[in-house]
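Q: Structure provided below as C-alpha cells; questions to follow.
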Amino acid sequence: MRYLRSGPRRLHTQEMGAQRAKTVGLRSGEIADRNIRVILEAIRRHGPLTRMELGRHCGLTGPGITNILRRLADEKLVTSNRRNGVGGGATATEFALRPEGAFSIGVKLRQRRGEAVLIDLSGQVHDRVYIELDPADKVGLVHAAVRDMVDRHATLPIIGLGIAANDWTDDQSDQIAAMSTIARPYVENECTASLLAERTIGSSGREGGLAMIIIDDDVQAGFLIRGIPYSGVHGRAGSIGEMLTGPDNVQLNTVVGFESLRSRIGDRDFTRLLQGEEISSPLLSQWIREAAGHLLDPIIAMAGFLAPSVVMIGSDLPQSVIEALIHQLSIERRDTSTRPLLTPWISPMKPASFSGGGVALGAALLPFLNTLLLPPASA
C-alpha cells in the first residue's frame, strides 16, 4: 500500500474528544498539508466547484488554490471540466472529486465474526467480505482477509487500512504490519467509527449533537458533539450495555444484546436475520417489545444530559427490525403504566444510514482522515 504526500498522521484518541484549549502552532509543511486537505474536503462536500467558489469556501488566495489544484490533479484526486455560463455568460473551469484516485480498506471486528470493505474516496463500497474469526488466531485471519482483498484489487491505489474494534491492541497492529507490506492500521472503537461514517458520508449534518446506539453482541453508544466524536475518560463513554434498565432492573446487554435475541428466536432464525433476511415471528416481536422497554432508559438519559439532535440506531439486523424497534420505543415513551412521567423531550430517533451502523465504513475512512481529508477536530 502507498501513502500520499507526507505520510500517515495518526488520529489519536485525545483528538477525538474535547478540543484542546490551547492552539499549537503549525510548521510550513503542516500548513500546506492542511490547506490541501481543506480544498479536497470542500470539493468532496460541495463540488464540483470553480476556483472562485473554492476561495469562498476555504478563504485561500487564488494562486494558492491553483497550486493545490495542480497538485491534486497530478495525484489523480480531482478532475476538471468546463462549466457553461448561465444565460450565455463566460465559462469557468470547475473541479470535482475523482473517487477512483484513492481507495481504503476497513475492517469491523467482533469476537467471532468480522466484515471487511473496500471503499473509494467518495465512500462508495467496491468490495465486501465477511470473516469467520477465531479468537486464538484473530490477527492471522484478519491479515489473510485483507491480503486477499488487496490481491483482488492489485491495480487500485489502496492507501491504508482501518480497523474498528473495542479490544484491538497495539501489539496486534504491529503483528499485522510485520506480516506483509500492509501498512500499520489506524484503529478506533466501533461507535467512533460509526459516527465518522455518519459525519463524513452519511445523512447527519455537521452541526449539533448526534447519539449513535450500536446493537450487537453488546449494546454501545457513541456521541458526536459539534462534529467531534466524544470518547470520554479511557474511552468509556457510551458503555450503556452495563446499565441496569427497565422496571425489572436488568442489565441492558442481557436483554438487548444478540445472545438474548438468539436464545429467544433460535439459532436458525438468528442466522437468517444476520444474513439480511426478513422473518415474521411472534418471538421476534416479543424481543422487540422487551428491548424497547429497556433501551428507553439510556435514551432518556442521553436526551436529558446531551440533548442530541437525533438518536440513531445501527445494527447488523435488517432495517425493518430497527424500524420496528424505533416504533416500539415511540410507544414505550408514552406509556405511563411503567414510567409515571411522559418524556416529550426525547430526541428524534431513526436508523443509521448504513448497514451494520456503518462501522466497517467508518474504519475504512480512517486512512483518508489521517492522510487526505480533514480529521474531525479540524473540520
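Per the working numbering, residue 91 is the first one in the sequence shown, and the count goes up by one each step. C-beta atoms are modelled at their ideal positions from N, C-alpha and C, and glycine is treated no differently. Being a predicted model, the structure only gives us computed values, none of them experimental.
Give a yes or no on whether the C-beta atoms belonging to Gly446 and Glu288 are separated by under 8 angstroms.
A: No, Cβ-Cβ distance for Gly446 and Glu288 is not below 8 angstroms.
Q: Starting from Glu198, trace the beta strand (DSSP E) both ways and give me its first and last residue.
A: In the sequence as displayed, the identity of residue 198 is Lys instead of Glu. Phe193 to Leu199 is the span of the beta strand (DSSP E), which, as asked, contains Lys198.
Q: For the 8 angstroms Cβ check, are there 3 or more pairs between the segment 247-263 and the segment 275-294?
A: Touching, yes.
Q: Which same chain residues, not among the five before or five after Leu285, have their C-beta less than 8 angstroms away from its C-beta?
A: For Leu285, where only same-chain residues beyond five positions count, the Cβ hits under 8 angstroms are Leu300, Met302, Gly312, Phe313, Leu314, Pro319 and Gly452.
Q: Tell me which residue opens and which closes the beta strand (DSSP E) that Asn171 is part of.
A: Counting along the chain, the beta strand (DSSP E) containing Asn171 begins and ends at Val168 to Arg173.
Q: Three or more beta-carbon pairs under 8 angstroms between the segment 336-343 and the segment 368-379, yes or no?
A: They do not touch, by the three-pair rule.
Q: Apart from the five residues on each side of it in sequence, which residues of its chain come closer than 7 angstroms, Cβ to Cβ, to Ile133?
A: The answer, listed in chain order, is Leu139, Val168, Phe185, Ala186 and Leu187.
Q: Measuring alpha carbon to alpha carbon, tell me which residue in Ser194, Ala327, Ala206 and Asp406 is nearest Ser212.
A: Per the Cα distances, Ser194.
Q: I need the straight-line Cα distance from Gln214 to Val240, nearest angstrom please.
A: One C-alpha to the other measures close to 17 angstroms.
Q: Could you check the C-alpha separation between Val197 and Thr245 for me, to the nearest Å?
A: Their Cα atoms are separated by approximately 20 angstroms.
Q: Please report the straight-line C-alpha distance between Ile305 and Gly152, rounded to a whole angstrom.
A: Roughly 48 angstroms separates the two Cα atoms.
Q: I think Pro438 touches Gln409, with their Cβ atoms under 8 angstroms apart; what is that distance to the nearest whole Å?
A: About 17 angstroms separates the two Cβ atoms, so there is no contact after all.
Q: Verify whether the separation of the beta carbon atoms of Leu208 and His233 is less than 8 angstroms.
A: Contact: no.
Q: Do Leu231 and Asp224 have their C-beta atoms within less than 8 angstroms of each other?
A: Cβ distance < 8 angstroms, so Leu231 and Asp224 count as in contact.
Q: When the distance is taken between beta carbons, is Gly191 closer than 8 angstroms to Glu165?
A: Result yes, Cβ atoms of Glu165 and Gly191 sit closer than 8 angstroms.
Q: To the nearest angstrom, report how far apart Leu463 and Thr290 are at their CA atoms.
A: Distance between the alpha carbons of Leu463 and Thr290 is about 10 angstroms.
Q: Among the residues of its own chain, which have a CB less than 6 angstroms from the CB of Ala255, if the five just before and after it don't count?
A: Leu199.
Q: Comparing C-alpha positions only, which one of Met142, His147, Ile121 and Glu120 sits nearest to Glu131?
A: That would be His147, whose Cα lies nearest to the Cα of Glu131.
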